[in-house]
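Trainee: In this text, residue positions in the sequence shown follow the numbering used here: the first is 1397, and each later residue adds one.
Here a beta-carbon is modelled for each residue, glycine too, at the ideal position from N, C-alpha and C.
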Amino acid sequence: MTRKLDTSHKLLCSNYSFFIFSISQGISNLGDAFQFIAITTLLVNISGNGLSAGFAIISTPICSLFLSPFAGSLGDRLNEKYVLIFLDVFRGLVAILFVLSEEIWSIYCLMLLLSSIEILYNPSRKKLMSCLLKNNEFMIGNSIISGISGLTFVIGPLLAGFIINFLGIKTIFYINSLTFFMSALLIIFIKTNKKYIFLKAKGKKTKEKIYEGIITGFTYFNNTPRIKFLVFMGTALALGTASVNMTFYSFAFDFLKVSSKSWGIMMSVFYGARLIAMSLSILFSRQINRRITTSIYICFLSVAIIWFCYGNVSNLILIVVLQFLEGTALGLFEILLNSQLQIVSQEDYMARVISINDIINNFGKLFGSFYTYIFIQILSSQSIFILNSMLILVYIIYLFVSTNLSLTKNR
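So this is what it looks like as structure tokens:
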């Protein structure tokens, strides 16, 4: 096991650009962790209820529907390194504006803007990562990034809780802005084989127009069954996760009556579980690669069981334990999904595949948020947790039956 963990250490030591990329993402994620706690606390303080803080779950899907098609097409046309530098600087400027916001509508507008930037950021981030790694390094690379994210979300919410208590919420937003600027600075030093801002697709004499790039991206997606399987499976989980997360705000603040400090600890446990997911994916990489689809199903089923337990537990300590298990299962699922999408997708379509994944996933998140908003008026928070658990179990049964039927027909 020690030898397998050494593999990730060797990757960081031997690949200078990936090492710099990992640090930049770690610093950026630390700022995100601060911002997450600060915005949640700010909205709860202004509105007086936890449900208003769930707007972040809706804002990203809304932006994705409009921007993801262009994000993928631009990501495959432009040098991803320069895209990330520009967007990090832009995010840093937007983060400062939270300091001036004292109305809910202005906070929501800034959240929408940050969500829009994140939608543009994600395809280029995944594409840059795929350029820095070989196919057999994708799982380890994604594990490292996930682990770093988990570590920052262990440290970030805890620090944020103390900083808010002693220095105030505004300090958090200044720190968050600084982390984005530092991330942009580090990305400048990443070395790639692409020198120009505008890229030319391989084997094409003329550059596609943006709308043509969007169409060819969806055609490629539709003609690649493995990518469709991965994306739709991720969407089913995204739908349930959006509903559970939206409900959890109300469950935590209105039912459990947690403080901002306790909320920070809970989020540290949840996101910190990514470190465990990272370790599991590295230690058992050989076994996982042999049974990659089975491993994805196990993560899927584990999340459904945990959500069912949320619906039957009211003890804060037990809920924190369940959060740790949920964070581990979701983190491992994310590592497997991202690795498989990067392996299966052709380089010229990488950003568009990621953007299509974002679009379809966010349709699921919007639907999950929509039915949660309806059901939370008539059902308890815990009933909604159980409902989402049942939906995931039904989808697993559907996949199992449809897969067996297709195998029978092929025979």
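#1: Cutting at 6 Å between CB atoms, please list the residues of its own chain near residue 1705, excluding the five before and the five after it.
#2: Determine the direct distance from the alpha carbon of residue 1724 to that of residue 1737, and round the result to whole angstroms.
#3: Is it the case that the Cβ atoms of residue 1697 and residue 1782 are separated by a distance below 8 Å?
#4: Measure the C-alpha to C-alpha separation of residue 1526 and residue 1650 and round it to an integer number of angstroms.
#5: Please state whether the Cβ-Cβ distance between residue 1433 and residue 1543 is less than 8 Å.
#6: Where does residue 1474 sit, in a helix, a strand or coil, going by DSSP?
#7: Let's see if you can read the secondary structure: which residues bound the alpha helix (DSSP H) around residue 1722?
#8: For residue 1499, which of helix, strand or coil comes out of DSSP?
#9: Buried or exposed: which applies to residue 1421, given that a residue is buried once 16 or more other Cβ atoms fall within 10 Å of its Cβ?
#10: Closest by CA to residue 1519, which one among 1796, 1787, 1754?
#11: State the DSSP-derived secondary structure class of residue 1707, mapped to helix, strand or coil.
#12: Taking 8 Å as the threshold (C-beta atoms), are residue 1485 and residue 1577 in contact?
#13: So, are the CB atoms of residue 1735 and residue 1414 less than 8 Å apart?
#14: Just checking, does the region 1501-1508 make contact with the region 1562-1582 on the three C-beta pairs under 8 Å criterion?
#15: Does the region 1761-1775 come into contact with the region 1626-1642, if we say contact requires no fewer than three beta-carbon pairs (one atom in each stretch) closer than 8 Å?
#16: Taking the alpha-carbon positions, what's the residue 1548 to residue 1679 distance?
#17: Please state whether DSSP places residue 1422 in a helix, a strand or coil.
#18: Round the Cβ separation of residue 1667 and residue 1546 to the nearest angstrom and send it over; I've been treating them as touching at under 8 Å.
#19: Between residue 1497 and residue 1410, what straight-line distance do the alpha-carbon atoms span, to the nearest angstrom?
#20: For the alpha helix (DSSP H) containing residue 1626, list its first residue and its last residue.
#21: Roughly how many angstroms lie between the CA atoms of residue 1587 and residue 1739, to the nearest whole one?
#22: Along the alpha helix (DSSP H) that carries residue 1669, what are the first and last residues, could you check?
#23: Would residue 1575 and residue 1424 be called neighbours here (beta carbons separated by less than 8 Å)?
#24: Counting along the chain, where does the alpha helix (DSSP H) carrying residue 1548 start and finish?
#25: With C-beta atoms as the reference, is residue 1634 less than 8 Å away from residue 1757?
#26: Go ahead and label residue 1777 buried or exposed: buried means 16 or more other beta carbons lie within 10 angstroms of its beta carbon, across all protein chains shown.
#27: Here's a check: name, in chain order, each residue in its chain whose Cβ is nearer than 7 Å to the Cβ of residue 1571, leaving out the five neighbours to either side.
#28: Using the three-state DSSP reduction, which class does residue 1774 fall into: helix, strand or coil?
#29: Sort 1746, 1728, 1732, 1707 by Cα distance to residue 1786 and report the nearest one.
#30: Are the CB atoms of residue 1643 and residue 1772 nearer to each other than 8 Å?
#31: Is it buried or exposed, residue 1621, if we count other Cβ atoms within 10 angstroms and call 16 or more buried?
#32: I'd like the list of long-range same chain contacts for residue 1699, defined as Cβ closer than 7 Å, with 5 residues on each side in sequence excluded.
#33: Would you kindly work out how many angstroms separate the C-alpha atoms of residue 1512 and residue 1614, rounded to a whole number?
#34: In its own chain, which residues sit with a C-beta less than 6 Å from the C-beta of residue 1435, not counting the 5 before and 5 after it?
#35: To the nearest whole angstrom, what separates the beta carbons of residue 1720 and residue 1648, a pair I think is in contact under 8 Å?
#36: Taking only the alpha-carbon atoms, compute the straight-line gap between residue 1760 and residue 1731 and give it to the nearest angstrom.
Mentor: Result, derived from the coordinates:
#1: 1718
#2: 20 Å
#3: Contact flag unset, no.
#4: 43 Å
#5: Residue 1433 is not a Cβ neighbour of residue 1543, given a cutoff of 8 Å.
#6: strand
#7: 1712-1740
#8: coil
#9: Label assigned to residue 1421: buried.
#10: 1754
#11: coil
#12: A contact, by the Cβ cut-off of 8 Å.
#13: no
#14: no
#15: yes
#16: 21 Å
#17: Looking at residue 1422 - three-state DSSP - the assignment turns out to be helix.
#18: 6 Å
#19: 45 Å
#20: 1621-1646
#21: 22 Å
#22: First-last for residue 1669: undefined, no H or E at that position.
#23: yes
#24: 1534-1563
#25: yes
#26: buried
#27: 1427, 1430
#28: coil
#29: 1707
#30: Residue 1772 sits close to residue 1643, with the two beta carbons spaced by under 8 Å.
#31: exposed
#32: 1633, 1722, 1725, 1726, 1788
#33: 21 Å
#34: So no residue of the chain qualifies.
#35: Incorrect: roughly 15 Å between the Cβ atoms, too far for contact.
#36: Computed Cα separation, rounded: 20 Å.
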